[in-house]
Structure formats: C-alpha cells, structure tokens
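The next block holds one structure in the form of structure tokens; read it before the comments.
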Amino acid sequence: MKPKVKPPFNDDYPFLGSMRGDHRVVVDVGLKDGIETRMAVESGFVVYSFEPAPDHCEETRRKLRERNLTYHDVQLDRLGELLSPLPEPEPGKGISYLFCVAAGAEHGWKTFYQDPTMAGYGSSFHDPVAKHWATEIDKEPGLKKYIFDVQVVPISQYVKTDVYFLKSDTQGHDVDVLKGARELFERHVVRLVGVEFWPKGLISAGQSPGSLMDVLHSYNLLCFDQAGGSNADKRDELVHHPEDFASFMKTANGIGGIKGRWGWYTDFVCLNIASVYSHR
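With this note's numbering applied, the sequence shown corresponds to residues 6 to 285, in that order.
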C-alpha cells in the first residue's frame with residue numbers, strides 16, 4: 006500500500022489526508038502545487054479544484070499523476086458552460102475535477118499575474134509585487150510570459166451539492182470567491198470553510214479586512230484563527246485573541262500590520278453553525 010501524502014510544513018488542513026472521504030465533496034480554490042487536492046483525492050473525496058495559473062495547474066496534474074490519482078481536466082466554453090459532463094468517480098476512489106480557471110463573483114475574464122519570484126506564491130490578480138515583476142518581464146522579447154487573461158467563473162454554477170470542506174487561498178481575491186459561492190451556501194450545506202486572511206491582499210483587491218468577515222458571517226460561519234501562517238514573531242499573541250473583530254484587528258496590527266510585502270496574515274477555519282444540527 007502506498008504511503009499517504011506527507012503534508013508540507015505549512016499545510017493548514019492535514020485532516021484531509023487522515024480521514025475517509027467516501028465521495029464527500031471538497032472545493033479547493035487556489036492550488037499552487039495542489040497539496041490539499043492531492044490529500045483529499047487520496048482519501049476518497051470528490052474535489053472541485055480551481056487554479057488560474059497555467060504552471061500551477063500543470064504542477065498539480067504532474068503530482069496527481071505521480072501518485073496515480075484520478076483527475077479530469079474540465080473544459081469550458083468562453084461563457085463558462087461545460088463542454089462535456091463531469092465523469093462519475095470510481096467506487097472507492099476520489100477524483101479531482103480540475104478547473105484551470107479562476108473562481109470569482111461572476112463570469113468574466115481578468116488579467117492574472119503569475120509571480121516570477123518566491124516560487125510563484127504571490128501569483129494573483131492584485132499583488133503589486135507580482136504585477137510589477139510580471140510586467141517587467143513581459144517587456145523583454147523572447148522571455149516566458151507571466152501575464153495572462155484568465156477566465157473567471159462562480160463556484161455555484163458547477164458545485165450543486167453539499168460540501169464537506171471549502172478552501173480559498175487566493176492572495177486577497179477571497180471575497181469574490183465566496184460571493185460566487187452564495188447560491189451554494191443558500192441551497193446546500195457547506196460544513197467547513199478554510200480561508201486565508203491577508204489584510205494587505207484584501208486592500209490591494211479593493212476590499213477591507215472587515216469585508217471578508219462580513220461575507221463569512223453572512224453565511225452563518227463561526228471562524229477560528231489558526232495563527233499558523235502569520236509571519237510575525239509574536240504570532241502566539243493571537244491564539245487567545247478577543248472574540249470581537251475590532252479587537253482582533255487591533256492585536257493583529259500591533260504585531261505586524263501591513264508593513265513589508267506580505268505584512269501580517271493568518272488562516273481561518275470556519276464552522277457552519279447550521280451544520281452542527283445537520284446529518285448531511
């Protein structure tokens with residue numbers, strides 16, 4: 006029997022690799038190398054995976070193939086319609102439906118900047134450093150391009166079932182991702198949500214840190230700060246932060262704020278309060 010995928014040191018959702026998926030649904034938005042998708046597929050989940058950066062999509066494919074894990078490249082027309090139905094998962098096996106497009110609030114096309122530095126971790130619509138370097142490289146003839154027009158689609162058009170776990174890690178684009186999932190939250194049970202909370206990225210996207218919390222609260226989600234992705238020396242101060250958001254942000258700004266490229270950031274795990282009373 007092959008060993009389970011070993012999560013990297015910065016993986017925030019190791020439970021995906023240590024439980025039986027039983028064809029329950031995971032939505033994974035923002036893949037990079039697809040570690041959460043791989044863990045979930047290997048555990049037997051059905052995963053809707055969204056990633057706009059071509060290199061990151063190919064890296065995810067390669068690592069799925071290395072593990073002999075099943076995936077399906079989803080093909081869409083320019084309006085976001087499926088060109089063919091999604092295949093059913095095999096009995097006892099997981100599958101990734103791999104959407105090499107961006108998730109967002111509504112259908113459209115946007116300019117995406119793949120970060121040529123930091124192994125691509127800053128790739129996004131909004132990060133100013135990724136935008137700067139991708140634009141500079143684009144000026145040089147014959148060099149690989151890092152600027153793309155990518156298709157943007159709302160999650161709710163494709164995911165029409167209860168969801169065990171939804172993850173969004175999109176460098177400040179998370180408010181739009183969650184807005185595009187509104188119909189999913191209204192019509193089905195989304196049990197758990199994991200989302201990056203990066204104030205500087207949200208501001209670069211024209212949002213505020215509070216706007217992300219507003220969307221999460223509108224979906225009846227109770228959120229807990231993991232304080233595991235913070236790059237501040239005093240990040241442990243946030244483990245027992247006050248529960249109201251204003252006090253939380255005051256503490257966060259006191260240990261890092263938005264200075265430097267990244268500033269302070271963390272990840273939230275959110276529980277759907279209604280799911281506590283649901284068997285779905």
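A virtual CB, placed ideally from N, CA and C, is assigned to each residue, including glycine. Note that the structure is a prediction, hence the values are computed from the model and not measured.
Through-space distance from residue j to residue i, alpha-carbon basis
i: V168; j: D181; result: 19 Å
i: R192; j: K150; result: 40 Å
i: E201; j: E95; result: 32 Å
i: V194; j: L171; result: 11 Å
i: V281; j: P121; result: 43 Å
i: V134; j: G206; result: 11 Å
i: P286; j: D27; result: Lying before the first or after the last residue shown, residue 286 is absent from the chain, which here runs from 6 to 285.
i: S23; j: M44; result: 8 Å
i: H131; j: M254; result: 22 Å
i: R29; j: L226; result: 20 Å
i: E63; j: V220; result: 31 Å
i: R240; j: L21; result: Residue confidence is low: R240 scores 48 on pLDDT, short of 50, so the model does not pin down where it sits. Its coordinate-derived value is still stated next. So the alpha carbons of these two residues sit roughly 25 Å apart.
i: C275; j: G147; result: 45 Å
i: L69; j: Y76; result: 7 Å
i: W114; j: A107; result: 9 Å
i: G39; j: T65; result: 5 Å
i: V51; j: I152; result: 31 Å
i: S290; j: W203; result: For residue 290 there is no data in the structure shown, the boundaries of the chain being 6 and 285.
i: H112; j: I208; result: 22 Å
i: V32; j: Y126; result: 20 Å
i: S252; j: L87; result: 45 Å
i: F229; j: W138; result: 35 Å
i: Q231; j: V198; result: 13 Å
i: S213; j: H61; result: 27 Å
Where residue i falls, given that 16 or more other Cβ within 10 Å makes a residue buried
i: H178; result: buried
i: P92; result: exposed
i: F273; result: buried
i: S129; result: buried
i: T271; result: buried
i: D154; result: exposed
i: S173; result: buried
i: I278; result: exposed
i: W269; result: buried
i: K165; result: exposed
i: T116; result: exposed
i: V79; result: buried
i: F104; result: buried
i: R67; result: exposed
i: G71; result: Note on identity: in this sequence residue 71 is Glu, with Gly being the wrong assignment. Flag for E71 reads exposed.
i: S89; result: exposed
i: L74; result: buried
i: L36; result: buried
i: R25; result: exposed
i: G211; result: exposed
Contacting residues, own chain, Cβ-Cβ under 6 Å from residue i (five flanking each side not counted)
i: F250; result: M218
i: S216; result: V180
i: Y224; result: F190
i: H222; result: none
i: V286; result: No information on residue 286 is available, as it lies outside the stretch 6 to 285 that the chain covers here.
i: Q176; result: S129, D132 and G206
Closer than 6 Å: residue i CB and nearest the ligand GTP heavy atom
i: N225; result: This structure lacks the ligand GTP; in fact it carries no ligand of any kind.
Sequence-distant residues of the same chain with beta carbon closer than 7 Å to residue i, five excluded per side
i: R187; result: S161
i: K184; result: A110 and V220
i: K136; result: Y118
i: E41; result: Y18, L21, D33 and K172
i: Y163; result: Y53
Inter-stretch contact at 8 Å, needing at least 3 Cβ pairs: the region 216 to 235 / the region 152 to 160: Segments in contact, no.
Segment contact, 8 Å Cβ cut-off, at least three pairs: the region 140 to 148 with the region 87 to 107: Output reads no: the region 87 to 107 does not touch the region 140 to 148.
Contact between the region 83 to 90 and the region 56 to 68 (3+ Cβ pairs under 8 Å): The way I'd put it, the region 83 to 90 doesn't touch the region 56 to 68; fewer than three beta-carbon pairs between them come closer than 8 Å.
Minimum length 4: unbroken alpha helix (DSSP H) runs contained in the region 154 to 222: If one requires a minimum length of 4 residues, the alpha helix (DSSP H) runs lying completely within the region 154 to 222 are 179 to 184, 187 to 192 and 204 to 209, in chain order.
Continuous alpha helix (DSSP H) assignments of at least 4 residues falling wholly in the region 19 to 88: Fully enclosed alpha helix (DSSP H) runs of 4 or longer: 40 to 48 and 59 to 71.
Length-filtered (4 minimum) alpha helix (DSSP H) runs lying within the region 111 to 155: Qualifying alpha helix (DSSP H) stretches, in chain order: 133 to 143.
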